[in-house]
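In my numbering, the protein residues as written are 4 to 112.
I have placed the structure first, in the form of structure tokens, so that the comments after it can refer back to it.
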């Protein structure tokens, strides 16, 4: 049984729920990719001699990941409180595309 059918006939898939699921997947994928890129650049040396991370690198990665998730929650709460929902999907995608183009931001400790 499909996640999107939720007990309904396969002809009755709700387009709004499908759109929200697609948006959530895009958002989480973008979050993960940006987090991976930023935390790796910030915490792990480009040339490394050991196969395992050093303790300082592990601590840096842990803090970096925590900050990314914390900031994602803050932004998500703000969007929910400001009333940005499925009806503003097109504007959200345009803003997300613009911000993805300027992904040079690196959070500081």
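Ideal Cβ positions, reconstructed from N, Cα and C, are used throughout, including at glycine.
Check, Outcome
"Option in 24, 32, 50, 48 with minimal Cα separation from residue 72", "32"
"Among 22, 83, 69, 61, nearest to residue 35 - alpha-carbon criterion", "69"
"Proximity winner among 79, 30, 64, relative to residue 42 (alpha-carbon distances)", "64"
"Nearest-angstrom beta carbon gap, residue 67 and residue 45 [assumed within contact, 8 Å]", "6 Å"
"For residue 61 and residue 21, the rounded distance between their alpha carbons", "37 Å"
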